[in-house]
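Before any comments, here is the structure.
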Amino acid sequence: MGVREIQVADTTLLIHELDHVCDSVTGRALTGSWLWDSALVLSEWIATQGRLIFDFKDKTVLELGAGAGLPGLTAALLGASRVVLTDIEPLLPGLIDNVEGNGLGDRVEVRQLVWGSDESPGQGGESDHEFDLVLMSDVFFDPEEMAALAKTLKKVCRKGTVVWAASEVRPWTGEY
0 MGVREIQVAD TTLLIHELDH VCDSVTGRAL TGSWLWDSAL VLSEWIATQG
50 RLIFDFKDKT VLELGAGAGL PGLTAALLGA SRVVLTDIEP LLPGLIDNVE
100 GNGLGDRVEV RQLVWGSDES PGQGGESDHE FDLVLMSDVF FDPEEMAALA
150 KTLKKVCRKG TVVWAASEVR PWTGEY
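Structural data, given as structure tokens:
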């Protein structure tokens, strides 16, 4: 797969896509290993429209199912003081490469988070309800995961938390 150059807010982000990360049971490549169109769309929307309605300065942002992390990295470029990119363990090295490769390690952290678990995406003893904005791109693909995603959203959102999501409707996702 390799590295893609993505223009965001007058900056070129280098996004590493992984070709060696596979599901240990099926042997198939994990879908979060590469950049999906909905991540590109959400990132572009954040940079052009979202920034007009949401002031990123001094805000905390969480990206659920970050994959390659483009929307969260976009939020960091626009001034978010803290961004937490989350996904399952096998995808974390790719996220770390994308954070470090773009020089955003001072305000972007990478954490493992399995939806529906009791894990906290926050730091140490911090409240789960610490996020001003939650981002999700192409996470609505598996009906069996929706209850777990809803549980996680309930855990991380507080009154006033903004949630932005982008998803592509596919034949198998159009049922809900």
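In numbering that gives the first Met the number 0, the protein residues as written are 0 to 175.
C-beta: ideal position from N, C-alpha, C; glycine also.
Check	Outcome
Residue from Gly102, Leu77, Leu72 and Ala67 whose Cα sits closest to the Cα of Asp86	Ala67
Option in Asp137, Ala146 and Arg81 with minimal Cα separation from Pro120	Arg81
Ser136 and Leu13 closer than 9 Å at C-beta	no
Contact the stretch 90-98 vs the stretch 44-57: 3+ CB pairs below 8 Å	no
Residue range of the unbroken beta strand (DSSP E) whose run includes Trp44	Note, Trp44: premise wrong, no beta strand (DSSP E); alpha helix (DSSP H) at Asp36 to Trp44.
Best match in Asp141, Trp163 and Arg106 for proximity to Val133 [C-alpha to C-alpha]	Trp163
9 Å Cβ cutoff met for Arg110 and Val83	yes
Pairwise C-alpha distance: Phe130 and Leu61	6 Å
Rounded separation between Leu39 and Ser166 - CA only	11 Å
For Asp86, the residue or residues it bridges with in DSSP	Gln111
Buried/exposed call for Glu43, threshold 16 Cβ in 10 Å	buried
C-beta contact flag for Asp117 and Gly78 at 9 Å	no
Nearest-angstrom Cα separation, counted from Asp105 out to Glu99	9 Å
Glu179 vs Val7 beta-carbon contact at 9 Å	Residue 179 lies beyond the range of the chain shown here (0 to 175); nothing can be said about it.
Ser136 - partner residues in DSSP beta bridges	Ala165
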